[in-house]
DNA sequence: TCAAGTTGTCTAGTATCATAGACAACTTGA
DNA sequence: TCAAGTTGTCTATGATACTAGACAACTTGA
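Protein chains in written order, with the numbering used here: chain A, 1 to 242; chain B, 1001 to 1242.
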């Protein structure tokens, strides 16, 4: 079988890698387990052993497995649970998992509100906004890239403040916002674009969870609206219903 | 640039197709809009025009765009919003969108509880279960494939009942369950496996939203636990926080 | 009517994906 | 010590993805 046969645009070795990764994600292969031998995997997927080796090579590079010559290939890593609550704070979630939360400013610039952004923020189309592009990590693992928009009128200089505090919570506090909560959240999945893939240290073609959300103050007035892209292979959202 | 250069295992034409599809999903190109010409797209992505044509061909086949000779290529379709509430009923959500909800039994069989399934359902590991594999559609568009597990002791013959009623709500009602609601929901994204891709009419390598959920009765006792895979390109989840 | 811009189709050449087979290097357990 | 099983590396070959250039067929607006 060749790539053309499937007409999927996804190389065979990549399909094998995805299959094994799925097995790791859903617990078929747990951390520390030994994978089947390369010849056996080749039989399972009905591909050549070289194709399997290419798949395992990329999984090893991404830290999912570790090959030991003469012995076998072993599973390395797990996933981070990410609750979606009304009070969602990245630092608290990651900290609870025993990891060190880190934020990093990628870029801050001025922008004008599109119709959609204006509606979310309760402004007029064309209103001045500040756009903040940020990367969030747990220890040294990139978790998500997010683009946030705030009204320039209410949060002047927000970019610099975020750069200094590296935290949206602290940024809002700086402007006198003592508490805030999540409004509605929209979730879908997509393939990471080149820029996000690079920042999240993802291979091209990997899925991201795309989350559009708006944070509001205690009176329900919108503060900031965001589009975040999470590395799906490292994250699992948990929705707790009341 | 070739596929090998990027070492992503994703063909160039596929990356272009994903890029254009992303543009359609996020509103850069709205329904009815004319896409840039093939030569222009080729310049944007720095690929050959033939590569762009291949990308557009697959988008056309999937119904996202329509090419008109001599004139241009035009955008066709949108996305279905899928609310995640405590009372989630597929039929109501789809029906509200003006589309006809349909269910289809793929397979029903007996199974034994793994440790995880047993915990979700409040049973002992190894308990007898009934596994129902089902496909859900809106009009004729496949939306999700789901695997449901129920305790065989409480819901004997559940497979046959689902086959007849084609509805989980009606199945539960048949066993005397008058109302039920969502327990916790876990969401992540992955690449569709071959079987799911076929059933959802997705190209290989396309992302799916994977939702693990358990429905409980009004007393909070677990009834059924499910793993559903939604075609990410057709769905957007909406989380409404209280 | 005509020019510019569009999609559709053809012919080639090159890079590389995938297969195939062989053997080396190493680990493990009998 | 040895046999079986594992990963690592090499050579070779066919299929095809991608590039390149040319021209046909058609639409649109001046």
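No residue lacks a Cβ here, since even glycine has one placed at the ideal position from N, Cα and C.
Values in this document were obtained by computation on a predicted structure and should not be read as measured data.
Strand pairing of residue 128 of chain A, partner residues [DSSP]: Your numbering for residue 128 of chain A matches position 128 in the first chain. A/112, per the DSSP bridge assignment.
Chain A within 8 Å of residue 1222 of chain B, Cβ atoms only: Translated into the one-based positions of the second chain, residue 1222 of chain B becomes position 222. No, its Cβ sits nowhere closer than 8 Å to a Cβ of chain A.
Spatially closest choice to residue 1199 of chain B from B/1160, B/1083, B/1135, B/1150, by CA coordinates: By one-based count along the second chain, residue 1199 of chain B stands at place 199. Checking every option, the nearest Cα to that of residue 1199 of chain B belongs to B/1135.
Identity of the residue in B/1032, B/1033, B/1047 nearest residue 1039 of chain B by Cα: Position 39 of the second chain, counted from the start, is the residue given in the question as residue 1039 of chain B. In this structure, B/1047 is the residue among B/1032, B/1033, B/1047 with its C-alpha nearest to the C-alpha of residue 1039 of chain B.
The segment 1152-1165 of chain B touching the segment 1120-1132 of chain B, judged by at least three CB pairs closer than 8 Å: With the cut-off at 8 Å, the segment 1152-1165 of chain B and the segment 1120-1132 of chain B touch.
Contacts that residue 1122 of chain B makes with chain A (C-beta to C-beta distance below 9 Å): Taking the second chain and counting its residues from 1, one reaches residue 1122 of chain B at position 122. Those within 9 Å of residue 1122 of chain B in chain A number zero; the least Cβ separation is about 18 Å.
Beta-bridge pairing of residue 1103 of chain B - partner residues as DSSP gives them: The sequence position of residue 1103 of chain B within the second chain is 103, counting from 1. For residue 1103 of chain B, which the question treats as bridged, DSSP gives the partners B/1136.
Coarse secondary structure for residue 241 of chain A, derived from DSSP in three states: In the first chain, residue 241 of chain A corresponds to position 241, counting from 1. Low confidence applies here, because residue 241 of chain A scores a pLDDT of 49, under 50, leaving its location unreliable and the question unanswered by this model.
8 Å Cβ cutoff, residue 184 of chain A in contact with chain B: Locating residue 184 of chain A in the first chain gives position 184, where the first residue counts as 1. It does; some Cβ of chain B falls within 8 Å.
Span separating the alpha-carbon of residue 1023 of chain B from that of residue 25 of chain A: Mapped onto the second chain, residue 1023 of chain B falls at position 23. Mapped onto the first chain, residue 25 of chain A falls at position 25. If you take the alpha carbons of residue 1023 of chain B and residue 25 of chain A, they lie about 29 Å apart.
Sequence-distant residues of its chain with Cβ nearer than 6 Å to residue 1212 of chain B (five each side left out): Here residue 1212 of chain B is taken as the residue at index 212 of the second chain, counted from 1. Around residue 1212 of chain B: 1186, 1227.
Where residue 112 of chain A falls, given that 16 or more other Cβ within 10 Å makes a residue buried: As a first step, residue 112 of chain A is located in the first chain; it is residue number 112 there, counting from the start. Answer is exposed; the Cβ neighbour count stays below 16.
Cα-Cα separation between residue 1015 of chain B and residue 1057 of chain B, rounded to whole angstroms: In the second chain, residue 1015 of chain B corresponds to position 15, counting from 1. In the second chain, residue 1057 of chain B corresponds to position 57, counting from 1. About 13 Å.
Exposed unless 16 or more other CB atoms sit within 10 angstroms - verdict on residue 1143 of chain B: Taking the first residue of the second chain as position 1, residue 1143 of chain B is located at position 143. When all chains shown are included, residue 1143 of chain B counts as buried.
Alpha carbon of residue 1044 of chain B to alpha carbon of residue 1018 of chain B, nearest angstrom: Mapped onto the second chain, residue 1044 of chain B falls at position 44. Mapped onto the second chain, residue 1018 of chain B falls at position 18. Cα to Cα, residue 1044 of chain B sits roughly 14 Å from residue 1018 of chain B.
Residue 1225 of chain B at chain A interface by Cβ criterion, 8 Å: If you number the second chain from 1, residue 1225 of chain B lands on position 225. Answer no: the Cβ-Cβ gap between residue 1225 of chain B and chain A never drops below 8 Å.
Residue-chain proximity (residue 1188 of chain B, chain A), Cβ-Cβ < 8 Å: In the second chain, residue 1188 of chain B corresponds to position 188, counting from 1. Yes, contact with chain A.
DSSP three-state assignment for residue 68 of chain A, whether helix, strand or coil: Taking the first residue of the first chain as position 1, residue 68 of chain A is located at position 68. In this structure, residue 68 of chain A counts as strand in the three-state DSSP scheme.
CB of residue 9 of chain A within 8 Å of CB of residue 1010 of chain B, strictly: Here residue 9 of chain A refers to the residue found at position 9 of the first chain. Here residue 1010 of chain B refers to the residue found at position 10 of the second chain. Yes, the pair counts as a contact, with Cβ atoms nearer than the cut-off.
Chain A contact residues for residue 941 of chain B, given Cβ-Cβ distances below 7 Å: In the structure as shown, chain B begins at 1001 and stops at 1242. Residue 941 of chain B is therefore absent and cannot be evaluated.
Integer Cβ distance of residue 171 of chain A from residue 162 of chain A, believed to fall under 8 Å: Stepping through the first chain from its first residue, residue 171 of chain A is reached at position 171. Stepping through the first chain from its first residue, residue 162 of chain A is reached at position 162. That belief holds up - the Cβ atoms of residue 171 of chain A and residue 162 of chain A are roughly 5 Å apart, short of 8 Å.
Residue 1063 of chain B versus residue 1206 of chain B - alpha carbon distance: On the second chain, position 63 is the one that residue 1063 of chain B refers to. On the second chain, position 206 is the one that residue 1206 of chain B refers to. One C-alpha to the other measures close to 15 Å.
Amino acids of chain A, ordered along the chain, whose beta-carbon sits closer than 7 Å to that of residue 1018 of chain B: Taking the first residue of the second chain as position 1, residue 1018 of chain B is located at position 18. Result: 191.
Cβ-Cβ separation, residue 1148 of chain B to residue 1224 of chain B (assumed contact under 8 Å), whole Å: As a first step, residue 1224 of chain B is located in the second chain; it is residue number 224 there, counting from the start. As a first step, residue 1148 of chain B is located in the second chain; it is residue number 148 there, counting from the start. In this structure, residue 1224 of chain B and residue 1148 of chain B form a Cβ contact; the two beta carbons are roughly 5 Å apart against a cut-off of 8 Å.
Closer than 8 Å to chain A by CB, residue 1064 of chain B: Stepping through the second chain from its first residue, residue 1064 of chain B is reached at position 64. Chain A contact via Cβ: absent.
Which of helix, strand or coil DSSP assigns to residue 16 of chain A: Indexing the first chain from 1 puts residue 16 of chain A at position 16. Correct three-state label for residue 16 of chain A: helix.
First and last residue of the uninterrupted alpha helix (DSSP H) at residue 226 of chain A: Taking the first chain and counting its residues from 1, the one referred to as residue 226 of chain A is at position 226. No alpha helix (DSSP H) contains residue 226 of chain A, which is instead part of the beta strand (DSSP E) from 222-231.
Whole-angstrom distance between residue 1041 of chain B and residue 231 of chain A, CA atom to CA atom: Stepping through the first chain from its first residue, residue 231 of chain A is reached at position 231. Stepping through the second chain from its first residue, residue 1041 of chain B is reached at position 41. If you take the alpha carbons of residue 231 of chain A and residue 1041 of chain B, they lie about 28 Å apart.
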